[in-house]
Amino acid sequence: MAAIELQSEDHSSDLDLGIPPGRDATWADRRLHPLSWLFATANFAKGFIVPAILVLFASGGVNYELWASVLIVPLAVRAVVQCIVFRYGFADDEMVVREGVLTKTERHIPYARIQNIDLVQNPFHRLLKVALVRVETASGGKPEAVIRVLSLEAVEEMRGRVFGARDEAGDVAYVACESAAAPSDRSAVAPRRTLLETPALELVKLGVISNRGLVVVGAAVGLLWQQDGWWELDWTDGAERWTGSARAWLETAWGSPVLVVAFIGLTILLVAAFLLRVFSIGWFLFQLHDFTLTRRGDDLRVEYGLFNRVSRTIPRLRIQMLKTIESPLHRLFNRQSVELRTVGGGSEEADFEDGGPKTQGRWLAPMIPTSGVPQLLREVLPQVKLEEVQWEPIARRAWRRVFKRWVALVTVLTVVGAVFLDPWAVALGAAAAVLAYMHSRLYVKHAGYALTTWGLLLKSGWWERTTKIVRYDKIQTVGREESPFDRRNRMASVLVDVAGAEMIGYTIVIPYLETAVAADVSRRLYEESSRRAFRL
Amino acid sequence: MAVDVGKTELAADAARIVSENEPDPQDANPQDTVIDGRRYRLHPKSVVAAQLTAAIWAVAVAMILLIAVLVVVLATPLSGALKLAALASWVVLAALAGVLCYRWPRVRYDHIRYRVDDNGFTVYRGVFWRSVTSVPKARVQHTDVSQGPLQRGYGLASLVIHTAGTQDSSVTLRGLPHEVAMHIRDYLIDGSDRIAV
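Those protein sequences? They're chains A and B, same order as listed. Heads up, the first sequence is in our numbering, so the first residue is 3 and it goes up one at a time. Heads up, the second sequence is in our numbering, so the first residue is 3 and it goes up one at a time.
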């Protein structure tokens, strides 16, 4: 209590913002870790040091650009002072954060509003046993509070306070809707159970499946782009010299220049694809190293990362949507990936700027054996019984519309190709039309939806198969849409909007339904979601 | 999909999503009747308001274009035929814009309906691409009722319903009678059955 008294004397006078120095202000009694200033300046300097060194090397000496960087010193001092004056604390039902030197901010974050508490630890953090903490609410965009940095004990205290207090408050709606399915194991002292561990071999497989290598290539190109003169190199000349001799040799051996060009092209393509996979594998080994998913009561915890270690606590109640992904390569390995969507702080830039690694969606399980998926989903949503779902098909005659659309595209391309390039394009077009037919049949065959007692399931795609799962109480709005083409075919789509969805396009669309079916589905969704209260 | 009961009724309902012109009440004094699960049209005056708004924009754009055309005609050494073509195309465009400003608000008005029932709020709209959006009452985060100067002149208002969703984070309906908008707002935010988010 002494410390609290002290704080109120310190700050209630200079926080003269018309905010009455209420009870809560006095609760902000905890400081950052003593070494926080180190990380604050490091984070601050990060943006300047690389350009400064580049300038130093490029110009070969000290010049005005370097002198200009001296201007950052006052800003760095400000960052340090901000660390020193930063306070946070816990009231009965809310967290209080006070920050700022000249402009003071006091923020009250009710525990019930906190979506999750994320930790990021880079190796220096780990060495000093501290972590960067992001407190996220549903406000979207950037986290409600970024706390740089706290000791691990302080983080545990925070998690205990926030999630413990919330458990006592009781998530009535949630308990009510799942009470039948799951025995109440929400006590805070329940042991933490491991639901999933992803060994390195699994990450290698994930790398093979994913195209994440493109990110690495993109970053490399971006870096090279900044080097002057790189772009002026004569690439074709260099390539010519490399492939020239091989080409000459092959041409004499095979006697057909076209064949040789095709061969070399194919080889380059294969090598590129191979390298991409290697990058992908490296990326995942690095980013998702030692991925573990654990559960205690209603809180899931995801931990991953080799260099930057991320630890993310996600209350089950806060999951807006689940999505399983199964590409052909997934099927080859007999695996699936499971993603989840939560609200707030999810924007990738925010993750990046605040020192965390860029998240790839939000993995619930990057790689899991297909047979383990139902069990995993049950842990997260006790009501889900994936094996028992009765899938309803979309309109069967929809395949004609999918087919027509592709045929139109193929026809245009074929005509253009045949007229301007080669009459053989017609043969290619015919082959594409056959593929389009296959695609449209398979598309309809693999699309489906199910309205259960607790939520909506939607499956789509035959090449990359996805299943989306959303509970009725997470549905925000229900829509129905008819394009002119829909109307001509007496069809409609049903659209469902959830919080935290992708910004582009409705996340959940049931396309090509018979009009009557669409009307019925949307009415049922509307009524089911109206009956349930929404808790973020 | 098991649509057994009332299939024909549903089909009929879906078929006339927004196109039908059932004799909707004109919302003259509808405080007590609007929350009854029936479809209502916007206030007829909203057409005039929309026409005026469109006209103001059209005139502003047309004037800018006219200045551009006049600059071309008076200050460039183009041939007379080209200058005439520029003037003519301005006249044609302006005429088209005029017709559109007059007709489109009316057409759009004919395709907009709203419905307030026990579950929440539903908007039907769209001339070519038709859509129905339903916001459950329990998902309404907050609502705005606003009036522009033109709307105030006609006693109209815009109702904006905010949800926690992504695409439909706000659903806007312009051209309601002001009292009706207030009434719907009061109904939607009266959260006796809601747990605070």
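Don't be surprised by glycine CBs; every beta carbon is placed ideally from N, CA and C.
Residue interval of the beta strand (DSSP E) (run including residue i)
i: Phe-457 of chain A; result: Looking at the sequence provided, one finds Gly at residue 457 of chain A rather than Phe. Segment 457–462, the beta strand (DSSP E) holding Gly-457 of chain A.
i: Pro-384 of chain A; result: Segment: none, Pro-384 of chain A is in no beta strand (DSSP E) and carries neither H nor E.
i: Gln-153 of chain B; result: It is not in any beta strand (DSSP E) - Gln-153 of chain B instead sits in the alpha helix (DSSP H) that spans 151–156.
i: Gln-84 of chain A; result: Here Gln-84 of chain A belongs to no beta strand (DSSP E); instead the alpha helix (DSSP H) covers 74–87.
i: Arg-150 of chain A; result: 147–153
i: Phe-123 of chain B; result: 122–127
i: Pro-486 of chain A; result: Premise fails: Pro-486 of chain A lies in the alpha helix (DSSP H), 486–490, not in any beta strand (DSSP E).
i: Ala-501 of chain A; result: Counting along the chain, Ala-501 of chain A falls outside any beta strand (DSSP E), and DSSP gives it neither H nor E.
i: Gly-177 of chain B; result: 172–179
i: Ile-396 of chain A; result: Looking at the DSSP string, Ile-396 of chain A is not in any beta strand (DSSP E), and its letter there is neither H nor E.
i: Val-36 of chain B; result: Unbroken run through Val-36 of chain B: none, as it is neither H nor E.
i: Ile-321 of chain A; result: Here Ile-321 of chain A belongs to no beta strand (DSSP E), and DSSP marks it neither H nor E.
i: Trp-465 of chain A; result: That residue, Trp-465 of chain A, is in no beta strand (DSSP E); it is neither H nor E in DSSP.
Extent of the continuous alpha helix (DSSP H) run through residue i
i: Ala-434 of chain A; result: 427–448
i: Ser-531 of chain A; result: 517–533
i: Ala-410 of chain A; result: 400–422
i: Ala-202 of chain A; result: 202–211
i: Pro-330 of chain A; result: 330–335
Three-state secondary structure assigned by DSSP to residue i
i: Asp-300 of chain A; result: coil
i: Ser-81 of chain B; result: coil
i: Lys-131 of chain A; result: coil
i: Arg-187 of chain B; result: helix
i: Arg-43 of chain B; result: coil
i: Gly-107 of chain B; result: First, the residue type needs correcting, since residue 107 of chain B is Pro and not Gly in the sequence shown. Helix, per DSSP.
i: Thr-145 of chain B; result: strand
i: Asn-118 of chain A; result: strand
i: His-35 of chain A; result: coil
i: His-113 of chain B; result: coil
i: Ile-512 of chain A; result: strand
i: Gln-53 of chain B; result: helix
i: Pro-193 of chain A; result: coil
i: Trp-251 of chain A; result: helix
i: Ile-58 of chain B; result: helix
i: Trp-131 of chain B; result: coil
i: Ala-166 of chain B; result: coil
i: Ala-30 of chain A; result: coil
i: Lys-48 of chain A; result: helix
i: Thr-372 of chain A; result: helix
Assumed close pair residue i, residue j - CB separation to whole angstroms, cut-off 8 Å
i: Leu-331 of chain A; j: Leu-342 of chain A; result: Actually they are not in contact, since the Cβ atoms of Leu-331 of chain A and Leu-342 of chain A sit about 22 Å apart, beyond 8 Å.
i: Leu-67 of chain B; j: Trp-92 of chain B; result: 6 Å
i: Leu-190 of chain B; j: Lys-139 of chain B; result: 6 Å
i: Ile-2 of chain A; j: Val-498 of chain A; result: Past the edges of chain A, shown from 3 to 538, lies residue 2 of chain A, and the structure says nothing about it.
i: Asp-475 of chain A; j: Ser-531 of chain A; result: 7 Å
i: Thr-135 of chain B; j: Thr-479 of chain A; result: 6 Å
i: Val-472 of chain A; j: Val-500 of chain A; result: 6 Å
i: Ser-160 of chain B; j: Gln-153 of chain B; result: 7 Å
i: Phe-46 of chain A; j: Ala-93 of chain A; result: Not a contact, Cβ separation roughly 31 Å.
Contact set between residue i and chain D, taken where Cβ atoms lie within less than 7 Å
i: Lys-139 of chain B; result: Annotation note: the requested chain D is absent from the structure, which comprises protein chains A and B.
*Kindly confirm or deny that the stretch 484–495 of chain A and the stretch 453–460 of chain A touch, where touching means at least three C-beta pairs closer than 8 Å.*
The stretch 484–495 of chain A is not in contact with the stretch 453–460 of chain A.
_Contact residues within the stretch 166–184 of chain B, judged by C-beta distance below 9 Å to chain A_ = Those residues of the stretch 166–184 of chain B that come within reach of chain A (Cβ to Cβ, closer than 9 Å) are Ala-166, Gly-167, Thr-168, Gln-169, Asp-170, Ser-171, Val-173.
*Does the pairing of the stretch 311–318 of chain A with the stretch 115–127 of chain A give three or more beta-carbon distances under 8 Å?*
Because the criterion of three Cβ pairs below 8 Å is met, the stretch 311–318 of chain A and the stretch 115–127 of chain A touch.
*Residues in the stretch 121–134 of chain B having any Cβ partner in chain A nearer than 7 Å*: The stretch 121–134 of chain B vs chain A, Cβ under 7 Å: Asn-121, Gly-122, Phe-130, Trp-131, Arg-132, Ser-133, Val-134.
*Does the stretch 112–120 of chain B come within contact of the stretch 96–103 of chain B, defined as at least 3 CB pairs closer than 8 Å?*
The stretch 112–120 of chain B is not in contact with the stretch 96–103 of chain B.
_Across the stretch 516–530 of chain A and the stretch 162–179 of chain B, are there enough close Cβ pairs to call them in contact, namely three or more that are closer than 8 Å?_
Short answer: they don't touch.
*Check distances from the C-beta atoms of the stretch 457–487 of chain A to those of chain B and list, in chain order, the residues that come in under 7 Å.*
Those residues of the stretch 457–487 of chain A placed with their C-beta closer than 7 Å to a C-beta in chain B are Gln-478, Thr-479, Val-480, Gly-481, Arg-482, Glu-483, Glu-484, Ser-485, Pro-486, ordered along the chain.
*Could you tell me whether the stretch 362–371 of chain A touches the stretch 420–438 of chain A, where touching means 3 or more Cβ pairs closer than 8 Å?*
The answer is no - the stretch 420–438 of chain A does not touch the stretch 362–371 of chain A, with fewer than three Cβ pairs under 8 Å.
*At least three beta-carbon pairs within less than 8 Å, the stretch 394–409 of chain A to the stretch 508–524 of chain A*: Because the criterion of three Cβ pairs below 8 Å is met, the stretch 394–409 of chain A and the stretch 508–524 of chain A touch.
*Mind the definition here: the stretch 406–426 of chain A touches the stretch 444–457 of chain A only if three or more C-beta pairs lie below 8 Å; say whether that holds.*
Contact between the stretch 406–426 of chain A and the stretch 444–457 of chain A is absent, with fewer than three C-beta pairs closer than 8 Å.
*Check distances from the C-beta atoms of the stretch 437–451 of chain A to those of chain B and list, in chain order, the residues that come in under 8 Å.*
For the stretch 437–451 of chain A, the set of residues with a beta-carbon nearer than 8 Å to any beta-carbon of chain B is empty.
*Could you say if the stretch 126–135 of chain B and the stretch 56–71 of chain B meet the contact criterion of at least three C-beta pairs nearer than 8 Å?*
Result no; under three Cβ-Cβ pairs closer than 8 Å.
*the stretch 78–97 of chain A touching the stretch 266–282 of chain A, judged by at least three CB pairs closer than 8 Å*: In this structure the stretch 78–97 of chain A does not touch the stretch 266–282 of chain A; the number of beta carbon pairs closer than 8 Å is below three.
*Could you name the residues of the stretch 88–101 of chain A whose beta carbon sits closer than 8 Å to any beta carbon of chain B, in the order they occur along the chain?*
Taking 8 Å as the Cβ-Cβ cut-off against chain B, none of the residues of the stretch 88–101 of chain A qualify.
*Please determine if the stretch 195–205 of chain A and the stretch 258–273 of chain A are in contact, where contact requires at least 3 C-beta pairs separated by less than 8 Å.*
These segments do not touch.
*Proximal residues, the stretch 145–161 of chain A versus chain B, C-beta separation under 9 Å*: Answer in chain order: no residues at all.
*asked:* What are the residues in the stretch 66–100 of chain B lying within 9 Å of chain A by C-beta distance?
replied: Taking a C-beta cut-off of 9 Å against chain A, none of the residues of the stretch 66–100 of chain B qualify.
*Could you list the residues in the stretch 376–401 of chain A with a C-beta less than 7 Å from some C-beta on chain B, going in chain order?*
Legend: CB atoms of the stretch 376–401 of chain A lying less than 7 Å from CB atoms of chain B belong to residues Glu-394.
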